[in-house]
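Just below is one structure, and these are the notes that go with it.
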Amino acid sequence: AMSALVSDLADRGMLDDTVIIWMGEFSRTPNINGGGGRDHWARSWSTVVGGGGFKRGVVVGETSSDGKEVITEPYSSQDVMASVLKSLGVSLETTFTAKNGRPMKIANSGKVIKELFS
96 AMSALVSDLA DRGMLDDTVI IWMGEFSRTP NINGGGGRDH WARSWSTVVG
146 GGGFKRGVVV GETSSDGKEV ITEPYSSQDV MASVLKSLGV SLETTFTAKN
196 GRPMKIANSG KVIKELFS
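In short: position in the sequence shown from 1, add 95, done, that's this note's numbering.
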């Protein structure tokens, strides 16, 4: 389904104007638990971004060979969001007003992942 979406957007000339992101908030433990399954694992997970000005064919970050630890620069979900906002042309200084009236930066403390861009 992922490749079909990307191919369809590319065929229609829409890929450069569309941001695609597949992301979860956790992955699964590298080791199988006593019940024969896997538990939640928040130390590392995979995210796929594409289109919208992102560099193509790039892998950013690396885990240990057993998948238990991040061994390169760790990135947060806020960093991914900052990168998506950059690809959309939205300033990271943009603020919105929360329901309680407090102004909040749209990217919070996220930093753009430079390796994702040319």
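Note that beta-carbon positions come from the ideal geometry of N, C-alpha and C, so glycine has one too.
When the Cα atoms are used, what is the spatial distance from Arg-107 to Ala-96?
16 Å
Euclidean distance between Cα positions of Thr-158 and Ile-166:
5 Å
Proximity to Leu-187 [Cα-Cα], best of Trp-140, Asn-195, Lys-194, Ser-178:
Ser-178
Name the two residues that bound the continuous beta strand (DSSP E) containing Lys-74.
In this structure the chain extends from 96 to 213, so residue 74 is not present and cannot be described.
So the beta strand (DSSP E) Val-101 belongs to, where does it begin and stop?
Val-101 -> not in any beta strand (DSSP E); alpha helix (DSSP H) instead, spanning 97-106.
With a 10 Å radius around its C-beta and 16 neighbouring C-beta atoms as the bar for buried, classify Phe-46 as buried or exposed.
What is shown of the chain runs 96 to 213, which leaves residue 46 out entirely.
Should Ala-99 go down as buried or exposed, given a rule of 16 or more other Cβ atoms within 10 Å for buried?
exposed
Inter-residue spacing [alpha-carbon to alpha-carbon] between Val-144 and Gly-132
28 Å
Between the Cα of Arg-138 and the Cα atoms of Gly-130, Met-109, Glu-168, which residue gives the shortest distance?
Glu-168
Quick check on Ile-127: buried or exposed, where buried means 16 or more other Cβ atoms within 10 Å of its Cβ?
exposed
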